[in-house]
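Residue numbers (UniProt numbering): 1 to 450.
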């Protein structure tokens, strides 16, 4: 482990350096996004029929598919990211301070990708205005889908505010070392800033973190989004109170996996082994194992409940899920990763950053597969036999596969651009690692005046 002391120059290195690898990665991410946009343009011209999706009875086999599965997955990545960052601040988990802002940026990227999927899946983007915004005062009272849009929008605003407040401190103190070409942006970010506001902002960020932790199980990935499925009585594969906890566990698994991969990329690109240390990766891997264990337990509860219910619709859907090769493969990947995580805690020599990276990638693949299958299979076994005379089965089209690459490219572009504009590691983290506690520890909890 490196014994170098982190400095302001370290966290400014991404802003002040440009390499060939950066441009290559930027080009790949841009190309992936452009390919998807071209596919989306074709879909807008021809309709959703160009995908594997279709209306009931059209032969598509499912009205929701990879678009909605990936939407849930990206929302989970986003929600889990901000929960991770909020836990660092709220619970005083100083060990993870260097990756807190990366987790916050993951939330912004994940929500952007998820919101994009809403527009894509609506078929016609103007429906967002005519069906949602124009009739919001009516639909918000009785549509879980509109509640979904509401909480995601609120969460985006909350996360952006959260990130913006913490950036004011860094930008104001590092202003002389930041590039002049972005000066107008920095002026907007620090508009009206004074050092006297630091303590107030620390309190605001603490309370925002508390709000995130409270809202997560009640309204976000443990609340409104699983309600969209669990409250549909005609779809037995989705019903049940276990959906909320299961969605939340998937969100945290996916976010930890995503943050691990992003942290590894920045560490390797900018020689941050003394900032994003091996100890951080070990800790993330343990948390990943904990939430993976919870997820598998919730899966077991759901499947056992369905299989032993008897000869009814839920039993049929549970048995079909168990028999599906994709489900078996996803569970095998996730369980195998869990086995590795616990083995490396018993035998530390099994740990390596590359293995942690591989474990994170496997978890992301497994959770995405499970979410897409969850959506598609939910339509296959309704209480009313809606697909009895519908030929064909659903399989994602090339446009849908391109959407995964495109949204991943969108998130990558967000990180690539933000890394050239603002520090992706907080100045507080550097101060704390150097032993300068003048500012960093104030955010552990709000002070209560007598």
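Heads up, the beta-carbon is just placed ideally off N, CA and C, and yes, glycines get one too.
My output table needs one value for residue 296: the three-state DSSP class, helix, strand or coil. To locate residue 296, count along the chain shown from 1; it is residue 296. Note: residue 296 maps to helix in three-state DSSP.
Contact between the stretch 258-265 and the stretch 359-375: three or more CB pairs below 8 Å? Yes, they touch.
Which two residues bound the contiguous alpha helix (DSSP H) that contains residue 207? As a working note, residue 207 is residue 207 in the chain shown. 198-218 is the extent of the alpha helix (DSSP H) around residue 207.
Taking 7 Å as the threshold (C-beta atoms), are residue 251 and residue 69 in contact? Counting from one through the chain shown, the residue named residue 69 turns up at place 69. Counting from one through the chain shown, the residue named residue 251 turns up at place 251. Taking 7 Å as the Cβ cut-off, residue 69 and residue 251 do not qualify as a contacting pair.
Measuring CB atoms only, is the stretch 45-54 touching the stretch 219-233, in the sense that at least three cross pairs come out at less than 8 Å? Of all C-beta pairs linking the stretch 45-54 to the stretch 219-233, fewer than three are shorter than 8 Å, placing the two stretches out of contact.
Nearest-angstrom Cα separation, counted from residue 67 out to residue 322: Looking up residue 322 in the chain shown gives position 322. Looking up residue 67 in the chain shown gives position 67. Residue 322 and residue 67: Cα-Cα distance of roughly 23 Å.
Among the residues of its own chain, which have a CB less than 6 Å from the CB of residue 316, if the five just before and after it don't count? Residue 316 sits at position 316 when you count from the first residue of the chain shown. 381.
Could you check whether residue 45 and residue 399 sit closer than 7 Å to each other, using their CB atoms as the reference points? The count along the chain shown starts at 1 and reaches residue 399 at position 399. The count along the chain shown starts at 1 and reaches residue 45 at position 45. For residue 399 and residue 45, no; Cβs fall outside 7 Å.
Hey, how far is the Cα of residue 105 from the Cα of residue 164? To locate residue 105, count along the chain shown from 1; it is residue 105. To locate residue 164, count along the chain shown from 1; it is residue 164. Straight-line spacing of the CA atoms in residue 105 and residue 164 works out to 11 Å.
Excluding five sequence neighbours on each side, which residues of the same chain lie with their C-beta closer than 7 Å to the C-beta of residue 216? As a first step, residue 216 must be located in the chain shown, where it is residue number 216. 79, 83, 222 and 248, listed in sequence order.
Any contact between the stretch 262-274 and the stretch 237-248? By contact I mean 3 or more CB pairs, one from each, below 8 Å. By the C-beta criterion, the stretch 262-274 is judged not to be in contact with the stretch 237-248, since fewer than 3 inter-stretch pairs fall below 8 Å.
Considering only the beta carbon of each residue, do residue 366 and residue 330 sit closer than 7 Å? Position 366 of the chain shown, counting from 1, holds the residue named residue 366. Position 330 of the chain shown, counting from 1, holds the residue named residue 330. Yes. Within cutoff.
How far does the alpha helix (DSSP H) with residue 105 in it extend, from its first residue to its last? For the purposes of this step, residue 105 is identified with residue 105 of the chain shown, where counting begins at 1. Counted as a single uninterrupted DSSP element, the alpha helix (DSSP H) harbouring residue 105 occupies residues 97-121.
Classify residue 38 as buried or exposed, calling it buried when 16 or more other Cβ atoms lie within 10 Å of its own Cβ. Counted from its first residue, the chain shown places residue 38 at position 38. Its Cβ having fewer than 16 others within 10 Å, residue 38 is exposed.
Inter-residue spacing [alpha-carbon to alpha-carbon] between residue 424 and residue 374: The residue labelled residue 424 in the question sits at position 424 within the chain shown. The residue labelled residue 374 in the question sits at position 374 within the chain shown. In a straight line, the C-alpha of residue 424 is about 35 Å away from that of residue 374.
Complete runs of the alpha helix (DSSP H) confined to the stretch 7-92 [at least 4 residues]: Counting whole runs of 4 or more residues, the stretch 7-92 contains the alpha helix (DSSP H) stretches 8-16, 20-46 and 66-90.
Where do the ends of the alpha helix (DSSP H) carrying residue 267 lie? Taking the first residue of the chain shown as 1, we reach residue 267 at position 267. Residue 267 -> alpha helix (DSSP H) spans 243-270.
For residue 381, name the three-state secondary structure that DSSP assigns. Position 381 of the chain shown, counted from the first residue, corresponds to residue 381. DSSP places residue 381 in coil when its eight states are reduced to three.
When you compare the stretch 414-424 with the stretch 90-98, are there three or more beta-carbon pairs, one atom per stretch, that lie closer than 8 Å? Contact between the stretch 414-424 and the stretch 90-98 is absent, with fewer than three C-beta pairs closer than 8 Å.
My output table needs one value for residue 362: the three-state DSSP class, helix, strand or coil. Position 362 of the chain shown holds residue 362. Residue 362 falls in the helix class under three-state DSSP.
Report the rounded CA-to-CA distance for residue 190 versus residue 427, giving the unit in angstroms. By 1-based counting over the chain shown, the position of residue 190 is 190. By 1-based counting over the chain shown, the position of residue 427 is 427. Spanning the alpha carbons of residue 190 and residue 427 requires a straight line of approximately 15 Å.
Cβ shell of residue 64 (< 6 Å), same chain only, five flanking positions each side left out: Along the chain shown, read from residue 1 onward, the residue named residue 64 stands at position 64. Excluding sequence neighbours, residue 64 sits near 375.
What residue range is occupied by the uninterrupted alpha helix (DSSP H) comprising residue 193? Sequence index remark: in the chain shown, residue 193 carries index 193 (1-based). Element bounds for residue 193: n/a, residue is neither H nor E.
So, at 6 Å on beta carbons, what are the nonlocal neighbours of residue 485 in its own chain, with the 5 sequence-adjacent residues on each side left out? Outside the modelled stretch of the chain, which goes from 1 to 450, sits residue 485, for which no answer is possible.
For a test of the three-state rule: what should DSSP assign to residue 409, helix, strand or coil? Stepping through the chain shown from its first residue, residue 409 is reached at position 409. Looking at residue 409 - three-state DSSP - the assignment turns out to be helix.
Near residue 74, what residues of its chain come up, given a Cβ to Cβ distance below 6 Å and the 5 sequence neighbours on each side ignored? Sequence index remark: in the chain shown, residue 74 carries index 74 (1-based). 110, 113 and 114, listed in sequence order.
So, at 8 Å on beta carbons, what are the nonlocal neighbours of residue 308 in its own chain, with the 5 sequence-adjacent residues on each side left out? Walking along the chain shown from the start, residue 308 turns up at place 308. 315.
Reduced DSSP secondary structure (H/G/I, E/B, other) of residue 325: Position 325 of the chain shown, counted from the first residue, corresponds to residue 325. Annotated three-state conformation of residue 325 is helix, per DSSP.
Let's test the definition: count the other Cβ atoms within 10 Å of the Cβ of residue 185 and tell me whether it reaches 16, buried, or not, exposed. Looking up residue 185 in the chain shown gives position 185. Residue 185 should be labelled exposed.
If we define contact as Cβ-Cβ less than 7 Å, is residue 347 a contact residue for chain D? Chain labels in this structure do not include chain D; a single protein chain is all it has.
Alpha carbon to alpha carbon, how far is residue 343 from residue 138? Translated into positions along the chain shown, residue 343 becomes position 343. Translated into positions along the chain shown, residue 138 becomes position 138. Looking at the two C-alpha atoms, the distance is approximately 54 Å.
Give me the Cα-Cα distance between residue 12 and residue 178, rounded to the nearest whole angstrom. Along the chain shown, one-based indexing puts residue 12 at 12. Along the chain shown, one-based indexing puts residue 178 at 178. Near 8 Å, if we compare the C-alpha coordinates of residue 178 and residue 12.
Less than 7 Å between the C-beta atoms of residue 429 and residue 97, yes or no? Walking along the chain shown from the start, residue 429 turns up at place 429. Walking along the chain shown from the start, residue 97 turns up at place 97. Closer than 7 Å, so yes.
Close Cβ partners of residue 421 (< 8 Å) along its chain, the five nearest in sequence each way excluded: For the purposes of this step, residue 421 is identified with residue 421 of the chain shown, where counting begins at 1. Same-chain partners within the cutoff: 15, 182 and 185.
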